[in-house]
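Residue numbers (my numbering): -5 to 359. Yeah, the Cβ is synthetic: ideal placement off N, Cα and C, and Gly gets one too. Every value quoted in this text rests on a predicted model; they were computed, and no experiment measured them.
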Amino acid sequence: MNYIFKDKTILVTGCCGTVGNELIYQLLNDNKYKPKEVIGLDNNETGIFYLDQKYINFRKARFIFGDVRKQNELIQKFHGVDIVFHTAALKHVILSERSPDEVVDTNILGVQNIIIAANVNKIEKVIFTSSDKAVNPTNVMGTSKLMGERLISAANSGKREIRPIFASTRFGNVLGSSGSVVPIFYNQIKEGGPVTLTNKFMSRFIMNIKEAVSLVINSAIKAKGGEVFITKMPVIRIEDLAKSMIEVLAPKFGFAPKKIKIIEIGEQPGEKLYEELMSDEESRRALELKDFFIILPAFRGIYQNIKYTYKDVVNLKIKKAYSSQNEKPLNFNDIKKFLIKNDLVETPEKFMLNRYWIGDKRQKF
-5 MNYIFKDKTI LVTGCCGTVG NELIYQLLND NKYKPKEVIG LDNNETGIFY
45 LDQKYINFRK ARFIFGDVRK QNELIQKFHG VDIVFHTAAL KHVILSERSP
95 DEVVDTNILG VQNIIIAANV NKIEKVIFTS SDKAVNPTNV MGTSKLMGER
145 LISAANSGKR EIRPIFASTR FGNVLGSSGS VVPIFYNQIK EGGPVTLTNK
195 FMSRFIMNIK EAVSLVINSA IKAKGGEVFI TKMPVIRIED LAKSMIEVLA
245 PKFGFAPKKI KIIEIGEQPG EKLYEELMSD EESRRALELK DFFIILPAFR
295 GIYQNIKYTY KDVVNLKIKK AYSSQNEKPL NFNDIKKFLI KNDLVETPEK
345 FMLNRYWIGD KRQKF
């Protein structure tokens, strides 16, 4: 049992999103946690309504409408809460480029509001969910996530009290989640192709949602204050993912796998050929655990009262960046097993047929 959660009130912001939704599910359904209450907060009115219906028979579940942009509202709603998982964010890269001011309000000022509300209410722990795009960011969304991480780490500096403990967790692609390439490939194969790749040499870290969220929860158990926890993840080449999905799905829709073409459409502005979860600079102040890398704060002098000791340390020195370019990718058969095991070849949302590149709209016409 994880005693850190036993009889505690846990609040999850962004509970209607992929990660927040799974956090709610695991905290309520896994018997090893045993919380007193799990509160979901989101500004998605319809999503909150449906979650209320889904968990209508769960005495410990409660869902409230709220916005991380509103500091005073958060202060009130954090009253009596012990642990906060902050997953609420604007995450769509292209939409963030269109409205950077909205991203600042939600992803940066929203994090600061979480910190203030947590300090006022003396929350025990706050875990911020970040993104691979925070590493050497090339877009507004990634830059905002990096700033969120820095705010969370800085919230631990100069503290005069034990509480709260603030930490971040960073992971890559959750296959099958909203905006994932998997439903796009699925529907393209269903239509007989072609399957579109931006670049056949592109590689990515992958994980299923259950594993990702389980490790987010575990990072809360280990957090001392100011760290960034990086989930270890397998790597795939996007071309291999497309080929695996074609082999599994094409016969299901009456097509011969060899008849479905794969075409390259070119990488988009701000898109990386490989994914980074830890930079070279960060690796010099990182530790390796069994399931994580832990990046310690850059300016350790202002965190002098925090002892960064962990039980399951594998390596005290990391020699290279944690990048999908440096890691051995899964082979073809392992990708197929991953897809089938995690139900990623089941029917996705029907509208996900074309790639979502709003930024190129004017160039098309």
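Check                                                                                                                                                       : Outcome
Just the C-alpha distance for Tyr350 and Phe165, rounded to the nearest angstrom, thanks.                                                                   : Unreliable placement is indicated for Tyr350, whose pLDDT of 44 sits below 50; the coordinate value is still reported in the next sentence. If you take the alpha carbons of Tyr350 and Phe165, they lie about 22 Å apart.
Give me the Cα-Cα distance between Gly264 and Glu340, rounded to the nearest whole angstrom.                                                                : 30 Å
Using the Cα positions of Lys28 and Phe(-1), report the straight-line distance between them to the nearest angstrom.                                        : 7 Å
For the beta strand (DSSP E) containing Phe195, name the first residue and the last one.                                                                    : No beta strand (DSSP E) contains Phe195, which DSSP labels as neither H nor E.
Measure the alpha-carbon distance for Ser213 versus Asn133 and round it to whole angstroms.                                                                 : 27 Å
Can the beta-carbon of Ala82 be found closer than 9 Å to that of Gly8?                                                                                      : yes
Just to check my reading of the structure: Ala206 and Val87 have Cβ atoms closer than 8 Å, yes? What is that Cβ distance to the nearest angstrom?           : So it is not a contact: roughly 19 Å between Cβ atoms.
In this structure, what does DSSP give as the bridge partners for Met272?                                                                                   : Tyr316
What are the boundary residues of the alpha helix (DSSP H) that Arg144 is part of?                                                                          : Val134 to Ala148
On a Cα-Cα basis, can you pick out the residue from Phe247, Asp76 and Phe286 that is closest to Lys119?                                                     : Asp76
My guess is that Met272 and Tyr304 are in contact by the Cβ rule of under 8 Å, so how many angstroms apart are they, rounded?                               : About 17 Å; that fails the 8 Å criterion.
Does Phe286 get closer than 9 Å to chain B when you measure Cβ to Cβ?                                                                                       : Reference to chain B is not applicable here, since this structure consists of a single protein chain.
Can you tell me which of the three DSSP states Lys184 falls into?                                                                                           : helix
What are the boundary residues of the alpha helix (DSSP H) that Ser238 is part of?                                                                          : Ile232 to Leu243
So, at 6 Å on beta carbons, what are the nonlocal neighbours of Ser147 in its own chain, with the 5 sequence-adjacent residues on each side left out?       : Gly220 and Pro291
Taking Asn38 as the reference, give the member of Gly11, Glu185, Asp24 and Lys64 with the closest Cα.                                                       : Gly11
Report all residues from its chain with a CB closer than 6 Å to the CB of Glu31; omit the five preceding and five following residues, and keep chain order. : Thr3 and Lys54
How should Arg231 be labelled, buried or exposed, when 16 other C-beta atoms within 10 angstroms of its C-beta is the threshold for buried?                 : buried
With distances taken from CA atoms, which of Ile200, Arg279 and Lys204 is nearest Ile329?                                                                   : Ile200
Considering only their Cβ atoms, is the gap separating Lys64 from Leu5 smaller than 9 Å?                                                                    : no
If distances are taken between C-alpha atoms only, which option among Tyr44, Pro131 and Asn107 comes closest to Glu91?                                      : Pro131
In chain order, what are the residue ranges of uninterrupted beta strand (DSSP E) at least 3 long that sit wholly in the segment 54 to 119?                 : 55 to 59 and 77 to 80
With Leu336 as the anchor, note down where its alpha helix (DSSP H) starts and where it stops.                                                              : One detail in the question is off: residue 336 reads as Asn in this sequence, not Leu. Note, Asn336: premise wrong, no alpha helix (DSSP H); not H, not E.
What three-state label does DSSP hand Ala250 in the structure shown?                                                                                        : coil
Closest by CA to Phe79, which one among Phe122, Glu143 and Ile254?                                                                                          : Phe122
Quick one: using the 10 Å Cβ neighbour count with 16 as the cut-off for buried, is Asn25 buried or exposed?                                                 : exposed
So the candidates are Lys253, Asp306, Ile117 and Ala250; which of them puts its Cα closest to the Cα of Leu68?                                              : Ile117
Mind checking which residues open and close the alpha helix (DSSP H) that includes Asp46?                                                                   : Glu39 to Lys48
Whole angstroms is fine: what's the gap from Lys218's alpha carbon to Gln20's?                                                                              : 23 Å
So who's on the other strand from Ala280, going by DSSP bridges?                                                                                            : Ile289
Using CA atoms only, rank isn't needed, just tell me which of Ser93, Lys237, Leu35 and Phe59 is closest to Asn327.                                          : Lys237
Indicate the three-state DSSP secondary structure (helix, strand or coil) for Arg157 in the structure shown.                                                : coil
Thinking just about the alpha-carbon of each residue, which of Phe52, Ala244, Leu191 and Lys253 is nearest to the one in Asn23?                             : Phe52
Can you tell me the Cα-Cα spacing of Tyr297 and Arg56, whole angstroms?                                                                                     : 36 Å
Using CA coordinates, which residue listed in Asn167, His73, Asn336 and Glu185 is at the minimum distance from Ile224?                                      : Asn167
So, helix, strand or coil for Ser208, using DSSP?                                                                                                           : helix
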